[in-house]
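Residue numbers (this note's numbering), protein chains in the order written: chain A, 1 to 407; chain B, 408 to 814.
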């Protein structure tokens, strides 16, 4: 007998018909003799319409109260699933965030889990109940309702799996696993059967939005195998596991892209100590996240400095830099919104040289100019012109042997 | 500075526009220097549609889970009102049933309040916060969410007022007070400025459904003045208070009616010990509430027995009695669904004789036949033919000097 945590996303519980399908799948797992904890999201679209309601009620809704409002979404689906399971003669009970004692900090709207007591869950499991948990929500130590931010139900599921030492955390979603590239762009993308936490962390942040990134960090920390799979089929999905658990060792396991990028260049910046702080402090204070930074030294005590920001922060960042350029005596500021980041990711890179040169020469062969480069232990990212994104993905996917030749 | 509990019903919080109006009224009370606790219902219609959803999910929804689902209704309105108040720069905070620690028994769907800890409310009030409480809900000692039954928000409000020794509990609703009769039937009905708990208890159970009857019992027990008033006007409503608090002493303060009545008569029942138990035990076991019972002794060791039941239980009750009649050897069973109960109510009756005879002679003058009579200390009820209900109400209203001569 295993302990299995199953998390179902908004599209899987979008209406009563689908909730009944979820109930059947849960019952099947239970009938196989496993203990089952189900973690649910709100019905697809509900969280958005609650947020809209809040912003109609108040220009800038109080964050504590917004969490009280949002928490009703998962409360609704949890109660409904438990009802359906009970009507099917399965012993089931719903628990809300505060009943599970998912204790978070007080950061309303984006709270972090500090502790999960889970005593009530354990009691229910001991009596062979199916426990249906409202995801996305917790409470602070005083008992205020908090929510965990977008995709927070993934984190709820993994954290509960960790607290109860579950054998696996299954994430049911509307895609059937993690792909080597976006199948909408790259026809030959194929589903990975296994991927490491580290790779997934790099994938998630680069745009393959299947799992909330924070949940992957949790899974890695507590070494919980996460099975990402479709709630609409019986097929196996992708296992996200520790790097060393006998994975197939692809050198590169995925090619990802991010079009939400814009680039700002300051020309002929005086090359003095403290100049970087002068440039980046005002950007950071404005709440803008800088991704890549490149500095090219020129002659004559001057330097060119280029960095990227999210596209929707571009205008603000550009205006700030125009002021700063004057203050520090830079010659000019250029901006470019038509760029994209293309990355190859793989834990195999650690042991294989030549990934970077394969990437660069592959892009060069197609006359795709590389504007910026950044690398980490298991990832190489290049900024290219936005119009080349799809082409870059396809040729890199081929070059690293990822193509599914069956399709 | 007083402590005022204000309860707003479903029509008063039916949409954001009305919630804003509630916020203004709450703010006004707060600005007068009072401490304010607001208790809210769900938006009008929401509880019904949640119940419908539950009955679509499961033929007979689990009661515990139904309460989890229903509790979202008041959670929503409470969060929204708190948001609106905060956006108006008032310090406000919502609290749910379990956060207030409204501790109930485990009777899901119709739980009774056992205790209210209210420590969190007190802290918030001490800091001059407006506390917005989700009505209708509580939790049992284990922490399971419970609800208090139809109209339960009234009971929440009065119980919280009692726990915190509030100066008054204001019940805002879509009527502007308690009337001497149903204004739809009796044009000359007038609003009472004061009524006693006892009268209200008799009124509520007889059909003047303004307040949940259980809340009146609570108010009486803890001597909490309840002010029933309209949320759509500034006018004073009706104060429900202890009988001795300087009320205007009308002999009769109201005439009420109840058309949800049906009558069953067993003819020539053998007049033996234990016969009543044989007749009524099966009815009670079937969950049918018997209201009035009359037994006329006949000659020859036989008796006629007549009783009333709610109209929608009539068929079941009649079938049960047909079987029993055979078993006990009664001659026949008659039924009549076309009846109504008309009552006059008033604490003044205790000190005034002649109320009954006025009632009987008034009805006689109109040729309205009285089929059954029952009386209590402050109430006289007559069963009449249903078609005479409106006429009976109007003539009794006049006869007891209740007519509003201005209208």
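Just so it is clear, CB atoms sit at the ideal spot from N, CA and C, and this is done for glycine as well.
Whose Cβ in chain B lies nearer than 8 Å to the Cβ of residue 87 of chain A? 464, 465, 466, 467, 468 and 469
So does the segment 364-384 of chain A actually touch the segment 323-334 of chain A, counting three or more Cβ pairs closer than 8 Å? no
Answer with buried or exposed for residue 646 of chain B, where buried requires no fewer than 16 other C-beta atoms within 10 angstroms of its C-beta. buried
Pairwise C-alpha distance: residue 493 of chain B and residue 433 of chain B: 12 Å
Taking 8 Å as the cut-off, decide whether the C-beta atoms of residue 574 of chain B and residue 410 of chain B are in contact. yes
Same chain, Cβ closer than 6 Å to residue 189 of chain A, neighbours up to 5 away in sequence not counted: 179, 180, 181 and 183
Would you kindly work out how many angstroms separate the C-alpha atoms of residue 659 of chain B and residue 482 of chain B, rounded to a whole number? 41 Å
Below 7 Å on C-beta distance, what does residue 54 of chain A contact in chain B? 490
Delimiting residues of the alpha helix (DSSP H) encompassing residue 685 of chain B: 682-692
Could you check whether residue 215 of chain A and residue 173 of chain A sit closer than 8 Å to each other, using their CB atoms as the reference points? no
Please report whether the beta-carbon of residue 433 of chain B lies at a distance below 8 Å from any beta-carbon of chain A. no
With 16 other Cβ atoms within 10 Å as the buried cut-off, status of residue 281 of chain A: exposed
Does the beta-carbon of residue 506 of chain B have 16 or more other beta-carbons within 10 angstroms, so that it is buried, or is it exposed? buried
Who does residue 742 of chain B pair with in a DSSP beta bridge? B:671
With 8 Å set as the bound, which would you pick, yes or no: does the beta-carbon of residue 472 of chain B sit closer than that to a beta-carbon of chain A? yes
Member of B:800, B:550, B:537 and B:676 whose CA lies at the smallest distance from the CA of residue 443 of chain B: B:537
Please check the pair residue 132 of chain A and residue 78 of chain A, which I expect to be a contact at CB under 8 Å, by giving their CB distance rounded to whole angstroms. 5 Å
Under 8 Å by Cβ, that's how I've got residue 345 of chain A and residue 203 of chain A pegged, so tell me the actual separation to the nearest angstrom. 6 Å
Quick one: give me the first and last residue of the alpha helix (DSSP H) that residue 359 of chain A is part of. 355-365
Quick one: what's got a C-beta closer than 6 Å to residue 448 of chain B's C-beta in the same chain, skipping five residues either side? 416, 417, 542 and 560
Should residue 31 of chain A go down as buried or exposed, given a rule of 16 or more other Cβ atoms within 10 Å for buried? exposed
Partner residues on chain A for residue 550 of chain B, Cβ-Cβ distance less than 7 Å: 99
When the Cα of residue 741 of chain B is compared with those of B:778, B:684, B:797 and B:671, which residue comes out closest? B:671
is_contact[residue 72 of chain A, chain B] using C-beta, thresh 8 Å: yes
Which residues DSSP lists as bridging residue 270 of chain A, in chain order: A:302
From the DSSP output, in three-state form, read off residue 307 of chain A for me. strand
Could you round the C-beta distance between residue 66 of chain A and residue 109 of chain A to whole angstroms and report it? I think they count as a contact, below 8 Å. 6 Å
Just to confirm my understanding: we take residue 62 of chain A, look at its own chain, exclude 5 residues before and 5 after, and list those with CB closer than 7 Å. What are they? none
Could you list which residues in chain A have their beta carbon closer than 7 Å to that of residue 446 of chain B, in chain order? Within chain A, no residue comes near residue 446 of chain B; the closest Cβ sits about 15 Å away, beyond 7 Å.
Would you mind telling me which residues of chain A sit closer than 9 Å to residue 770 of chain B, beta carbon to beta carbon, in chain order? Correct list: empty, because the minimum Cβ distance to chain A is about 51 Å.
For the 8 Å Cβ check, are there 3 or more pairs between the segment 514-534 of chain B and the segment 454-464 of chain B? no
Just to make sure I have the definition right: I need the residues of chain B whose C-beta is within less than 8 Å of the C-beta of residue 68 of chain A. Which are they? 482, 485, 486, 489, 501 and 503
Expected contact under 8 Å - CB spacing of residue 677 of chain B and residue 709 of chain B to nearest Å: 6 Å
Residue 629 of chain B to residue 499 of chain B span [Cα, whole Å]: 27 Å
Express the C-alpha separation of residue 267 of chain A and residue 288 of chain A in angstroms, rounding to a whole number. 21 Å
Can you list, in chain order, the residues of its chain with a C-beta nearer than 7 Å to that of residue 605 of chain B? Leave out the 5 residues immediately preceding and following it. 650, 754 and 785
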